[in-house]
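Residue numbers (the numbering used here), protein chains in the order written: chain X, 615 to 810; chain U, 615 to 810. Worksheet: one structure, shown below.
Protein chains: 2
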Amino acid sequence: MRKRKNSEKYHRIIKAATKVFAKKGFYPAKISEIAKEAQVADGTIYIYFESKDDILISLFEEQMKTVLENMVAQISKLKDPAEKLEKFALTHLQLIEQNKDIAEIIQVELRQSSKFMKEYKNEQFIQYLDLIGDIVKEGQKKGVFKKDIMPGVAKRAFFGALDEMSRFWVLSSRKRYDIETAAKQISGYFLKGITA
Amino acid sequence: MRKRKNSEKYHRIIKAATKVFAKKGFYPAKISEIAKEAQVADGTIYIYFESKDDILISLFEEQMKTVLENMVAQISKLKDPAEKLEKFALTHLQLIEQNKDIAEIIQVELRQSSKFMKEYKNEQFIQYLDLIGDIVKEGQKKGVFKKDIMPGVAKRAFFGALDEMSRFWVLSSRKRYDIETAAKQISGYFLKGITA
DNA sequence: TTTATATGAATGAACAATCATTCATATAAA
DNA sequence: TTTATATGAATGATTGTTCATTCATATAAA
């Protein structure tokens with residue numbers, strides 16, 4: 615019987631796997647390397663996890679739970695939907711900035727995951743996207759956003775814009791724009807458009 | 615000495631690899647499966663390609679070249695920068711629609727590639743992004759786009775928005791919105807904003 | 001207290017399967 | 001014949017997973 619969530623070692627392995635997956639990607643990452651990083655024996659990993667896949671799934675759920683809680687805390691304080699979107703952008707980019715390992719995993723492995731784990735629906739990620747969709751709907755109800763905006767398209771477009779910006783940061787070691795500027799630019803496009 | 619580009623078999627292998635990589639991802643894809651799909655022997659692949667990595671790189675260059683040429687042909691006809699952005703969005707989404715295999719590879723493997731092929735800079739992809747950046751700059755020069763828009767941020771945000779929408783389509787077999795509507799929505803956000 | 005016994009977490013060497021790549025050989029072309 | 005192209009079985013390195021064993025700690029008996 616696996617102890618899982620409560621064990622200190624469980625979290626040490628998650629943390630190590632996050633680092634190793636982020637650096638090399640899922641397939642090239644070796645169990646032995648994760649074990650070494652976590653300072654446990656190879657076999658110990660199989661006391662806490664069923665398989666290599668299971669590590670990745672568990673890792674998603676742990677990390678996304680944190681990200682989601684963080685974001686909800688930030689935006690629920692605000693009233694104005696436009697301010698909420700701005701805050702969402704800033705918080706998202708700050709998260710990437712503060713934890714590049716998580717960023718790489720969300721960006722690269724999240725996309726992979728749908729391939730090799732067909733049955734695995736990333737519930738947390740859907741919730742994360744829906745935060746944006748809900749802000750849009752709220753804005754429409756309050757009359758501050760256009761009625762003909764489709765929340766299902768808008769949420770993906772907004773997330774995609776932030777995500778692509780993040781990817782650029784993660785890949786290029788040096789960042790060309792500061793977080794606040796980028797967040798303001800991106801939320802600005804959505805709120806006001808680029809037309810003069 | 616490899617014959618490469620001119621040979622009919624070369625293209626058959628590229629086409630087969632596109633299909634197999636799209637379905638399973640790069641690492642889980644087997645050379646033997648690509649060979650079978652292309653109806654050649656395993657060893658034949660090594661007459662035309664140096665390695666599995668080389669297949670992926672060649673595939674990128676072939677496919678992106680086509681995508682790029684296509685896009686340039688579409689937008690160079692137009693004068694108005696706003697119309698160009700709209701056309702870009704539509705053309706991009708149509709491309710995805712028409713060729714999901716290429717879409718999956720661009721989306722998933724392109725991201726992976728920067729990990730396992732550190733030295734490989736995807737020049738074509740950079741050019742593709744720059745098409746957007748150039749439209750933005752042109753619009754600013756003509757005075758139709760705001761001066762304080764940062765083209766380097768805007769191009770990524772715009773591409774990211776389209777790309778995320780594409781990903782959703784590729785993953786969910788059934789599409790909820792038609793191409794024209796989605797393209798209009800997304801370019802609409804950027805041009806006019808969502809604020810009422 | 002001291003000794004004996006039980007538990008199960010942790011270990012890491014060994015296993016078994018996978019798969020990219022090679023190469024001896026065959027076939028077709030020049 | 002000589003050269004180029006194609007084949008697919010064989011190779012050998014890699015690596016996820018297993019499992020017999022160890023060991024620290026807990027519990028019970030003397």
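Glycine is no exception: its CB is placed at the ideal position from the N, C-alpha and C atoms.
### Query
Hey, how far is the Cα of X:M779 from the Cα of U:Y742?
Rounded to whole angstroms, X:M779 to U:Y742 spans 16 angstroms at the Cα level.
### Message
Using C-beta distances below 6 angstroms, list every residue in its chain close to U:Q677, excluding the 5 sequence neighbours before and after it, in chain order.
### Response
Only I716 meet the Cβ criterion.
### Task
Under the assumption that X:E723 contacts X:F635 (Cβ atoms under 8 angstroms), give the Cβ distance between them as a whole number of angstroms.
The Cβ separation is near 6 angstroms, so the contact holds.
### Message
Tell me which residues of the region 771 to 785 of chain X have at least one Cβ-Cβ distance to chain U shorter than 8 angstroms, keeping chain order.
### Response
Those residues of the region 771 to 785 of chain X that come within reach of chain U (Cβ to Cβ, closer than 8 angstroms) are A771, F772, F773, G774, A775, L776, D777, E778, M779, R781, F782 and L785.
### Query
Looking at chain X, which residues of the region 759 to 771 of chain U have a Cβ within less than 8 angstroms of any of its Cβ atoms?
Within the region 759 to 771 of chain U, the qualifying residues are F759, K760, K761, I763, M764, G766, V767, A768, R770 and A771.
### Message
As an exercise, report each continuous alpha helix (DSSP H) stretch of at least 4 residues that is fully enclosed by the region 740 to 801 of chain X, in chain order.
### Response
Runs of the alpha helix (DSSP H) lying entirely within the region 740 to 801 of chain X, each at least 4 residues long, are 765 to 785 in chain order.
### Task
Identify which residue in X:S801, X:L745, X:D762 and X:M764 has its Cα closest to the Cα of U:I763.
X:S801 is the residue among X:S801, X:L745, X:D762 and X:M764 whose C-alpha sits nearest the C-alpha of U:I763.
### chain U contact for X:Y742 (CB, 8 angstroms cutoff)
Residue contact check for X:Y742 against chain U: no CB pair falls below 8 angstroms.
### Message
Quick test of your reading: X:A796 and X:L707, contact by CB under 8 angstroms. State the CB separation rounded to the nearest angstrom.
### Response
That belief holds up - the Cβ atoms of X:A796 and X:L707 are roughly 6 angstroms apart, short of 8 angstroms.
### Query
Comparing alpha-carbon positions, which option in U:I628, U:D668 and U:K679 lies nearest U:E651?
Nearest C-alpha to U:E651 among U:I628, U:D668 and U:K679: U:I628.
### Query
Which residues in the same chain have their Cβ closer than 8 angstroms to the Cβ of X:S646, if we skip the five residues on either side of it in sequence?
Leaving aside the five residues that flank X:S646 on each side, the residues in its chain whose CB is nearer than 8 angstroms to its CB run, in chain order, D656.
### Message
Using 8 angstroms as the threshold, is the C-beta distance between X:F674 and X:N713 below it?
### Response
At a Cβ-Cβ threshold of 8 angstroms, X:F674 and X:N713 do not count as neighbours.
### Message
Against chain U, does X:L670 count as a neighbour if the rule is that its beta carbon must be under 8 angstroms from one of theirs?
### Response
By this cut-off, X:L670 is not an interface position.
### Task
Name, in chain order, the residues that DSSP records as bridge partners for X:T809.
Its beta-bridge partners are U:F759.
### Task
With 9 angstroms as the C-beta to C-beta threshold (strictly closer), list the residues of the region 695 to 722 of chain U near chain X in chain order.
Residues are counted here when their Cβ sits less than 9 angstroms from a Cβ of chain X; for the region 695 to 722 of chain U these are A696, L699, E718, Q721 and V722, given in chain order.
### Query
Which same chain residues, not among the five before or five after U:I793, have their C-beta less than 8 angstroms away from its C-beta?
Cβ-Cβ distances below 8 angstroms link U:I793 to L704, L707, Q708 and E711 in the same chain, with the five nearest sequence neighbours on each side left out; the list follows chain order.
### Query
By Cβ distance, which residues of its chain are closer than 8 angstroms to X:G747, with the 5 residues on each side in sequence left out?
A distance below 8 angstroms between beta-carbons, with the five flanking residues on each side excluded, links X:G747 to the following residues of its chain, in chain order: P765, G766, A768 and K769.
### As assigned by DSSP and simplified to three states, the class of X:E664
If DSSP states are grouped into helix, strand and coil, X:E664 belongs with coil.
### Task
At 8 angstroms on the CB atoms, spell out the chain U contacts of X:T658, in chain order.
Chain U residues near X:T658: none, gap ~25 angstroms exceeds 8 angstroms.
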